[in-house]
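Number of protein chains: 2
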Amino acid sequence: MAPPTEPAQSSETSEPAQQAQPSEPAQQAQPSEPTRPLRSDAQRNRELLLAAACDMFAEQGLDVAMADIARRAGVSNGTLYNRFPTRSDLIEAVFVDRLERMVELARHALAVDDPWDGLEYYLTGTCELQAADRGFNEVATRGLTSPAARRLRDEGLAAITELFDRAQRAGTLRADVTVADLAFVVWGISRTVDMTAKLAPRLWRRHLALLLDGFRAQGAHPLPEPPLAAEQTHPPAP
Amino acid sequence: MAPPTEPAQSSETSEPAQQAQPSEPAQQAQPSEPTRPLRSDAQRNRELLLAAACDMFAEQGLDVAMADIARRAGVSNGTLYNRFPTRSDLIEAVFVDRLERMVELARHALAVDDPWDGLEYYLTGTCELQAADRGFNEVATRGLTSPAARRLRDEGLAAITELFDRAQRAGTLRADVTVADLAFVVWGISRTVDMTAKLAPRLWRRHLALLLDGFRAQGAHPLPEPPLAAEQTHPPAP
DNA sequence: CTATGAGTTGACGATGCCGTCAAGTTCTGA
DNA sequence: TCAGAACTTGACGGCATCGTCAACTCATAG
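So the sequences go chain by chain: A and B. Reminder that position 30 of the first sequence reads as 30 in the UniProt record's numbering, one-by-one numbering, no gaps. Reminder that position 41 of the second sequence reads as 41 in the UniProt record's numbering, one-by-one numbering, no gaps.
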C-alpha cells in the first residue's frame, strides 16, 4: 500500500484555513449521566460559541478574552459562562475533534508500507495541524485533561507505540528512543511555529527534518539521559 | 588543548543557583551622551533593583509584576519606574552579562581541539544557561533589542560562525545547515525546559543530544526548506 | 551648615479581565 | 394557548496590573 497523501496539503498559511468547524451532535451523551438535551436555541448558541472560539483560538491563541469570544459568537458573556463554565471546558470542547484527527492520522500511518515513512507521515501530519492553528499548537504542548480527551490520547498512543515498534524492528528508528521522546518533536516544533509563523511559515519543516534525522538509527550516538517514564508527558487529572 | 570543563557544572536545578548578580559599574557610559552619574543612594537602589529583578525573573519568568520586583528590592514602584522606565529596559539591564557569557562561551569553544566537540561544548553551555534561569530562557528565544545587546549578539555570531565553518570543514557537521539553524536548538530546548523544569530538570539534555545527532554529517538526509536568511532570527530594532 | 535639585514615596486613576446574578425573554410540553 | 422551566442578558463588583504625579526626603556642592 502506498503512503496516503493527506498531510501534503498546504496547511502552513497563517490564516487557519477554516478547518473542521465543530458540529458534533451537541452535548456529550455521557452514558452514566442522562443530561437532558439542550433547548433548541441553547443548542444553536452552543454551536455559535464553539465556532467563534475555534476561530479565535486559531488566530490569537488560547488566552483570548472570554468576552471577545462571546461577542464574536453574537451572544452575551453570561451565555458563554452558562454553556462553558470554565475556559478549559471550552477548549476541550473545541479541540476534541482535532484529537480524533490525530488518532486517525496514527492509524493511517500504520497503513504505510515502510515503517519509517509511516512515522514521518504521522509526525508531519501532526505538525501541520500545529502549524495551521495557534490554539491547537498550544493544546498540543499543554495537553487536554478531560476524560474524553484522555481516552483519545490513549488510543492514539497505542497506535503510535505500534508505529514506533515497527520502525525499531525494521532498524530504521534508533533503538534507544521511546514514544515519550516524541514530546521533543511536538514541543520543539511548537516553539518554532510560534516564532516563525509570520516570518517563515514553512520553516518548521526544516526543524522537523533535522530532528527526525536525529531519530534515525543510522549514525546514532548514545543518549545522556533516560527517557521520560511511563508518560508523565502530560498534566494531572482534571 | 583539551576541552574546557566549565559547562559540566550541575546547573539544572530548579532553583537558579544565585548566579552572576549584576554588579556592573552603574549606568552605561554612552560615549555620545555624557549622562551625569547617579547619586549614591540612587545607584544603590539601582543595584538592589537589578538584583531583585534578576532573582524574580529567574524564578518566575519575565512577566512578573513590576510592583513585586520593587517590593523585593525594598523600594517603591515609583523608584523602579524612575530607574527603568519600561520593563524592556530592566530586562536588558539584567541580562547583558549573560550575553557576555555566551560570547565568552563561543570563544572558549573555539579553543577546543575537535570542531564537533567545540560545537557541542558551546551548545551545551548555552542550554545550561537556559535551564538555570527561567528569565534567560525566555530572553534566549525572544532576544534582546538594545544596541548593546545587538553588538554582543553580533560578536557571538561571529565566533559561532567560525565554529560552524570549522566543523563543516572537518566534515562532522552537515554541510546544508547554517548558523541560523541553531535557532532550532535554542527554541526547541527552550520549550523542553519550560515543560520539564519541575518534573525532569535534566531531560533537556536528551532532547539536545537527539537534535545534535540530526546536525551530524554522517547519515544526513536532504532538508526540505531553505534556512532562515541573513538572520531575521530576531526582532526588529528597539 | 545650608540650599537646591536629584531622588523617593505611595496613593491614585485607568485599563482589562473575570465570573455572577437579578431581571427579562423564549422555548416547550401539556 | 399558556404556565413554567430553560435560557439569555448586560450591568456590576472584584481583582490585578500598569504607569503617573504632587508632596516629601535626602545627598551633595559650595
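Virtual Cβ for every residue (Gly too), placed ideally from N, Cα, C.
query                                                                                                           : result
Cβ separation of A:LEU110 and A:GLY118, assumed to be a contact under 8 Å, to the nearest whole Å               : 6 Å
Beta-carbon neighbours of B:TRP116, restricted to chain A and to distances below 8 Å                            : Ordered by position in chain A, no residue passes the 8 Å Cβ test against B:TRP116, which lies about 10 Å from the chain.
Nearest candidate by alpha-carbon position, reference A:ALA58, set A:GLY143, A:ALA131 and A:ARG166              : A:ALA131
As assigned by DSSP and simplified to three states, the class of B:ARG216                                       : strand
Where the alpha helix (DSSP H) through B:GLU120 begins and ends                                                 : 115 to 132
Where B:LEU203 sits in the DSSP three-state scheme                                                              : coil
C-alpha distance - B:LEU90 paired with B:ALA197, whole-angstrom precision                                       : 25 Å
Any C-beta of chain A under 9 Å from that of B:PHE215                                                           : yes
Nearest to B:LEU123 (by Cα), restricted to the options B:LEU163, B:GLU47 and B:ARG39                            : B:LEU163
Residues near B:LEU48 in its chain [Cβ-Cβ closer than 7 Å; skip 5 each side]                                    : ALA73, GLY74 and VAL75
Cβ-heavy atom distance, A:THR192 to the ligand NAP, below 8 Å                                                   : Absence of the ligand NAP from the depicted structure is noted, as is the absence of any ligand whatsoever, leaving it without description.
CA-to-CA distance, B:ALA180 to B:ALA229, given in whole angstroms                                               : 7 Å
Best match in B:GLY188, B:LEU223 and B:ALA220 for proximity to B:ARG206 [C-alpha to C-alpha]                    : B:GLY188
DSSP-derived helix/strand/coil call for A:LEU80                                                                 : helix
Simplified DSSP assignment, three categories, for B:LEU173                                                      : strand
DSSP-derived helix/strand/coil call for B:VAL75                                                                 : coil
Classification of B:MET78 by the beta-carbon crowding that lies within 10 angstroms, buried from 16 upward      : The amino acid at residue 78 of chain B is misidentified as Met; the sequence shows Gly. Under this definition B:GLY78 is an exposed residue.
Opening and closing residue of the alpha helix (DSSP H) in which B:ASP41 lies                                   : 40 to 60
Under 9 Å between C-beta atoms of B:ALA149 and B:VAL96                                                          : yes
Residue environment, B:LEU173, which counts as buried when at least 16 other CB atoms sit within 10 Å           : buried
Contact set for B:ALA220: own chain, Cβ-Cβ below 6 Å, skip 5 residues either direction                          : ARG174
Under 7 Å by beta carbon: chain B residues contacting A:ALA175                                                  : Within chain B, no residue comes near A:ALA175; the closest Cβ sits about 13 Å away, beyond 7 Å.
7 Å Cβ shell around B:PHE136 - same chain, five flanking residues per side excluded                             : PHE95, ARG98, LEU129 and GLN130
Terminal residues of the alpha helix (DSSP H) in which A:LEU100 lies                                            : First, the amino acid is wrong: residue 100 of chain A is Glu here, not Leu. 87 to 110 is the span of the alpha helix (DSSP H), which, as asked, contains A:GLU100.
Residues of the region 190 to 207 of chain B whose Cβ lies closer than 9 Å to any Cβ of chain A, in chain order : SER190, ARG191, THR192, ASP194, MET195, THR196, LEU199, ALA200, ARG202, LEU203, TRP204, ARG205, ARG206 and HIS207
Local Cβ density within 10 Å of B:ASP165, reported as buried at 16 or more and exposed below that               : exposed
Sequence-distant residues of its chain with Cβ nearer than 7 Å to A:GLY61 (five each side left out)             : ARG134, GLY135 and GLU138
Per-residue burial, B:SER190 [other beta carbons within 10 Å of its own, 16 or more giving buried]              : buried
Option nearest B:ASP213 by Cα separation, candidates B:PRO224, B:VAL185, B:ALA200 and B:THR192                  : B:VAL185
Within 9 Å, strictly: CB atoms of A:TRP116 and A:ALA183                                                         : no
Chain A contact for B:THR141 (CB, 9 Å cutoff)                                                                   : yes
For B:LEU223, the three-state DSSP class (helix, strand or coil)                                                : coil
Buried or exposed by the 16-neighbour rule on C-beta atoms within 10 Å, applied to B:GLY125                     : buried
Partners in chain B for A:LEU211, counting only beta-carbon separations shorter than 8 Å                        : PHE184, GLY188, LEU210, LEU211 and GLY214
Assumed close pair B:ARG46, B:ARG71 - CB separation to whole angstroms, cut-off 8 Å                             : At roughly 16 Å, the Cβ-Cβ gap does not stay under 8 Å, so B:ARG46 and B:ARG71 are not in contact.
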